[in-house]
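All remarks here apply to the structure that follows.
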Amino acid sequence: MTLTLHHAPDFASTIVRLALEELQLPHTLALADIDGGALSSPDYRRVNPVGLIPALETPDGPIFETAAILLWLVDKTGRLGPGPTDPDRGAFLSWLFFTSNALHQAALAMFYPHRPAGEANSDAARAAAHDQIIARLGLIETLIATQSPRWLSPDHPSVLGYYIGILTRWLILLPPAPYGIDLAQFPHLHTVLAAHESRPAAQRVAADEGLGAKPFTQPRV
Amino acid sequence: MYTLHYAPDNASLIIRLVLDGAGLPYRTALVDRKSRQQDSAAYRALNPTGLIPTLETPVGPISETGAILLWLADTHHLGPAPGDPDRPVFLKWLFFLSNSAHADLRQIFYPHQYAPTDAHAGHKEIISARMNRHFALLDAAAARHPRLFAAATPLGVYTVTLTRWAALYPDQGPSWFDLAAFPALTALARAQEARVETPVIARAEGLGPHPFTRPEQPNPPEGSVL
């Protein structure tokens, strides 16, 4: 299976790269020169008309959207998440979509606060995003504390662990004070992410991209 | 037997159209938004986000519109299965609908969650321009993959229902969305309206005689939209 990941270091494509490394799937990285406008080129828009990374070129054509790629990998390999006939599949999908459309979207509003309503309203947009992020991480914390799902656990690597790990990395590092999150408020999530970041696959990616020894729980640039 | 927790003209409508389109039996359970039943302990036990819909299944409750659609598709063969060469197309547009089109449209429904009141006009302008770009991408995808975006299918129903809300909201001020600008989506709206289940559901939720080609404000016989 020939796989090409359109990638830039420490972007959302890193989430997919972590899964590919964990699965030990051979793949090629196609580095996207984002500042040089690579994502707007006609060639790239043929791969991903939305113009974002990641995109993964597969034998069945290109696939984009971080969570879509993660799920495609789970279904292709039978690993890192429950498959279609697993009784846990419904709950896993619920939280994968939630992470994609609620947690990830709120994180983007935090990192690009001019997007919702212009530069003049960036502070208000950031404050609103912060409240959403804390509430949504709180739901994930409660999920882990009360249900210990196998698909978001310190004992088994999962695509959702890597996805949330990269999001928390950015949520600790990037927001201006006082909006950075403190993972100590989410102890069960902290345990899950600490287990993921210490795996050999995560360590390899972290070393290559310069993410630090604890890329999810004590991130550095 | 499934139980669909719904409110009229909420995202549960998408699930209902797909369930009925596939002939899958289910019960409905009205979530009374007027009394904020979605915040009750009983509902939050099913779905801690408090959002509608939730589908109760023999393997437990499933929340998130996209997750329910994908689970139904895989369980009842309503879309390309894992391993099918169309699976990447199906998954990428399903997630795009969920985290970009639906998430941005939600900003138009609930601007106060995203911007201060005096910025709502500018917010609407920015988000509606973004939404029209999303619809242009969906129109092109639907033209290229007509079978995957057909009426009654997960991607078709999700897309066409978002066009309905785009035409209706916000309910004050000039409209920002013109279905006629998107030929594949216009054809999809006509096809969805021609399905036998559509008028039945439209009556049950008060969506009017042309819920997709000429949407009007909902007037539900029971329950509350907001």
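Those protein sequence lines, which keep their order, are chains Z and V.
What the first sequence shows, in my numbering, is residues 1 to 221, in sequence order.
What the second sequence shows, in my numbering, is residues 1001 to 1226, in sequence order.
C-beta atoms are modelled at their ideal positions from N, C-alpha and C, and glycine is treated no differently.
Beta-carbon proximity of residue i to residue j, cut-off 7 Å
| i | j | result |
| --- | --- | --- |
| I1127/V | Q1113/V | no |
| I172/Z | P219/Z | yes |
| A12/Z | T99/Z | no |
| G90/Z | I1015/V | no |
| F1182/V | F1135/V | yes |
| L1137/V | T1163/V | no |
| A1119/V | A117/Z | yes |
| H6/Z | A68/Z | no |
| Y179/Z | R126/Z | yes |
| L93/Z | L1070/V | yes |
| G138/Z | F216/Z | no |
| P154/Z | A195/Z | yes |
| T1003/V | R1033/V | no |
| H1076/V | A1152/V | no |
| L1105/V | D1139/V | no |
| L20/Z | H27/Z | yes |
| P1008/V | P1220/V | yes |
| A1141/V | W1093/V | yes |
| A129/Z | M110/Z | yes |
Bounding residues of the alpha helix (DSSP H) (the contiguous stretch that carries residue i)
| i | result |
| --- | --- |
| R1133/V | H1120 to R1144 |
| A120/Z | Run containing A120/Z: none; DSSP gives neither H nor E here. |
| G1156/V | P1154 to L1168 |
| A213/Z | Here A213/Z belongs to no alpha helix (DSSP H), and DSSP marks it neither H nor E. |
| T99/Z | Where T99/Z is concerned, there is no enclosing alpha helix (DSSP H), given that its DSSP letter is neither H nor E. |
| T1186/V | P1183 to E1193 |
| R966/V | Given a span of 1001 to 1226 for chain V in the structure shown, any question on residue 966/V remains unanswerable. |
| F162/Z | Checking the sequence, you will find Tyr at residue 162/Z rather than Phe. Counting along the chain, the alpha helix (DSSP H) containing Y162/Z begins and ends at V159 to L173. |
| H190/Z | P187 to E197 |
Limits of the beta strand (DSSP E) - the one that residue i falls within
| i | result |
| --- | --- |
| G61/Z | G61 to F64 |
| P1111/V | Premise fails: P1111/V is in no beta strand (DSSP E) and is neither H nor E. |
| I1062/V | G1060 to S1063 |
| L31/Z | T28 to L31 |
CA-to-CA distance, residue j to residue i, given in whole angstroms
| i | j | result |
| --- | --- | --- |
| L211/Z | D60/Z | 32 Å |
| A1194/V | L1207/V | 15 Å |
| V954/V | P1053/V | Past the edges of chain V, shown from 1001 to 1226, lies residue 954/V, and the structure says nothing about it. |
| L1188/V | L29/Z | 38 Å |
| W151/Z | P157/Z | 8 Å |
| A1150/V | S1175/V | 26 Å |
| T146/Z | T1049/V | 15 Å |
| E1056/V | A1067/V | 13 Å |
| A120/Z | Q1217/V | 33 Å |
| S1012/V | L1030/V | 10 Å |
| H1005/V | E1222/V | 14 Å |
| D1086/V | W72/Z | 11 Å |
| V159/Z | V192/Z | 12 Å |
| R1130/V | A1115/V | 16 Å |
| N1132/V | R45/Z | 18 Å |
| Q1038/V | A1204/V | 20 Å |
| A202/Z | V1089/V | 28 Å |
| L1051/V | P175/Z | 27 Å |
| L189/Z | P1209/V | 48 Å |
| L1017/V | V74/Z | 28 Å |
| E197/Z | V1196/V | 52 Å |
| D33/Z | Q1172/V | 43 Å |
| V50/Z | I63/Z | 11 Å |
| D1084/V | R1147/V | 14 Å |
| D35/Z | E22/Z | 29 Å |
| T2/Z | T58/Z | 6 Å |
| S40/Z | N48/Z | 10 Å |
| P113/Z | W1165/V | 25 Å |
| P1082/V | A1073/V | 11 Å |
| D182/Z | P42/Z | 41 Å |
Contact list for residue i against chain Z, beta-carbon separation under 7 Å
| i | result |
| --- | --- |
| D1074/V | P84 |
| A1103/V | N101 and Q105 |
| T1159/V | Chain Z residues near T1159/V: none, gap ~15 Å exceeds 7 Å. |
| W1165/V | Those within 7 Å of W1165/V in chain Z number zero; the least Cβ separation is about 16 Å. |
| S1063/V | S94 |
| T1049/V | F98 and L139 |
Cross-chain neighbours of residue i in chain V, by beta carbon under 9 Å
| i | result |
| --- | --- |
| V47/Z | Neighbours of V47/Z on chain V: none; closest Cβ ~11 Å, over 9 Å. |
| I63/Z | R1087, P1088, V1089, L1091 and K1092 |
Residues that residue i contacts on chain V, provided the C-beta gap is smaller than 8 Å
| i | result |
| --- | --- |
| A128/Z | Q1113, Y1114 and A1115 |
| P87/Z | V1059 and G1060 |
| D75/Z | P1082, G1083 and R1087 |
Under 9 Å from the C-beta of residue i: neighbouring residues of chain Z
| i | result |
| --- | --- |
| N1219/V | What N1219/V touches in chain Z: nothing, since even the nearest Cβ is about 29 Å away. |
| H1145/V | Those do not exist, as H1145/V stays about 11 Å from chain Z at its closest Cβ, beyond 9 Å. |
Within chain V, partners of residue i - CB distance below 7 Å
| i | result |
| --- | --- |
| F186/Z | In chain order: nothing, as chain V lies at least about 15 Å away. |
| P175/Z | Correct list: empty, because the minimum Cβ distance to chain V is about 17 Å. |
Cross-chain neighbours of residue i in chain Z, by beta carbon under 8 Å
| i | result |
| --- | --- |
| Q1107/V | P116 |
_Three Cβ pairs or more, each shorter than 8 Å: is that satisfied between the region 1094–1110 of chain V and the region 1025–1044 of chain V?_
no
_With three or more C-beta pairs closer than 8 Å as the rule, is the region 1090–1098 of chain V touching the region 1153–1162 of chain V?_
yes
*Decide yes or no for the touch test of the region 135–143 of chain Z against the region 79–88 of chain Z: beta carbon pairs closer than 8 Å, at least 3 of them.*
no
*Taking contact to mean at least 3 C-beta pairs separated by less than 8 Å, is the region 103–110 of chain Z in contact with the region 131–138 of chain Z?*
yes
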